[in-house]
Amino acid sequence: MTHSFLFRSHLPGILAMAAIVVASNILVQFLLGNWLTWGALTYPLAFLVTDVMNRVYGAAAARRVVWAGFAVGVTCSLIGTQIMLQGDGYSFPAVTLRVALGSGLAFLSAQMLDVALFDRLRDGAWWRAPLASTLVGSTLDTALFFTIAFSATLSFIEPGNDTSWATEALPLLGVGPMVPLWVSLAVADWSVKLALALLALAPFRAIVRRLTA
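At position 57 of the sequence shown (counting the first as 1) the number is 57 in the numbering used here, and the numbers step up by one without a gap.
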């Protein structure tokens with residue numbers, strides 16, 4: 001298989017992943033209700049791209065697309081840490097170190113786990129590999145990102161970053177037991193990812209059929 005063919009076949013997946021990462025980094029700054037951001041609706045599409053590439057071109061191709069998305073994400077995060085915003089009388093970075101670190105580690109770990117699990121299940125029913133790999137990958141992604149970015153136990157990563165707003169004790173999703181706010185944000189984000197994992201099965205099936213026809 002020539003490098004030219006590899007580039008042409010993988011380029012749509014790489015571009016799609018890059019677009020999703022960039023869009024999610026922008027949309028995560030805008031709230032959707034009390035517990036979500038608009039980024040929660042775009043980021044799960046990354047798993048769809050990875051799974052389509054895995055099914056059509058194999059695990060190695062999917063990993064290349066993941067690395068491309070990771071590079072774009074790191075670049076966006078580094079740019080964000082250098083952009084200073086003004087609010088409440090003081091300056092703060094558009095992207096904090098903890099958010100950048102959590103985002104990068106969560107993305108890479110979850111996507112690579114998705115690729116590995118999909119590859120192990122690829123010979124089963126068509127829906128089993130994309131559904132199982134996305135559910136497990138999404139769970140890891142949510143747990144890593146919100147814990148690294150906001151948990152009080154990891155405040156030593158960035159002592160100057162005040163995350164007290166995220167650790168304020170509030171009822172879970174407004175109705176449950178008292179938990180830090182970031183736990184409610186994580187649960188809401190995870191719930192959206194699970195719902196989208198199910199909805200993504202239809203476009204996954206359609207795209208794979210089209211690419212393999």
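Virtual Cβ for every residue (Gly too), placed ideally from N, Cα, C. Only a predicted model underlies this, so the values are computations on that prediction, with no experimental measurement involved.
Can you give me the start and stop residues for the beta strand (DSSP E) that residue i sits inside?
i: Ala169; result: 169 to 171
For the alpha helix (DSSP H) that residue i lies in, which residues bound it at each end?
i: Val179; result: Taken as a continuous stretch (DSSP letters only), Val179 belongs to no alpha helix (DSSP H), being part of the beta strand (DSSP E) at 178 to 180.
i: Phe70; result: 59 to 82
i: Leu105; result: 97 to 121
i: Phe204; result: 201 to 212
Let's test the definition: count the other Cβ atoms within 10 Å of the Cβ of residue i and tell me whether it reaches 16, buried, or not, exposed.
i: Phe156; result: exposed
i: Thr96; result: buried
i: Asn34; result: exposed
i: Phe150; result: buried
i: Thr153; result: exposed
i: Leu78; result: exposed
i: Leu199; result: exposed
Using the three-state DSSP reduction, which class does residue i fall into: helix, strand or coil?
i: Thr42; result: helix
i: Pro130; result: helix
i: Thr163; result: coil
Using a Cβ-Cβ cutoff of less than 8 Å, which residues in the same chain neighbour residue i once the five nearest sequence positions on both sides are dropped?
i: Leu27; result: Thr37, Trp38, Gly39, Leu41, Thr42
i: Arg98; result: Ile148, Ala149, Phe150, Leu154, Ile157, Glu158, Asn161, Thr163
Excluding the 5 residues flanking residue i on each side, which residues of the same chain have their C-beta closer than 7 Å to its C-beta?
i: Phe204; result: Leu48, Asp51, Val52, Pro130
Sorry if obvious, but does the Cβ on residue i come closer than 7 Å to a heavy atom of the ligand GTP?
i: Thr147; result: With respect to the ligand GTP, the structure shown offers nothing to examine, as it has no ligands at all.
Please tell me whether residue i and residue j are closer than 8 Å, where the distance is taken between their beta carbons.
i: Asn54; j: Asp123; result: no
i: Phe145; j: Gly102; result: yes
i: Gln111; j: Val72; result: no
Residues in its own chain within less than 6 Å of residue i by CB, not counting five upstream and five downstream?
i: Leu108; result: Phe70
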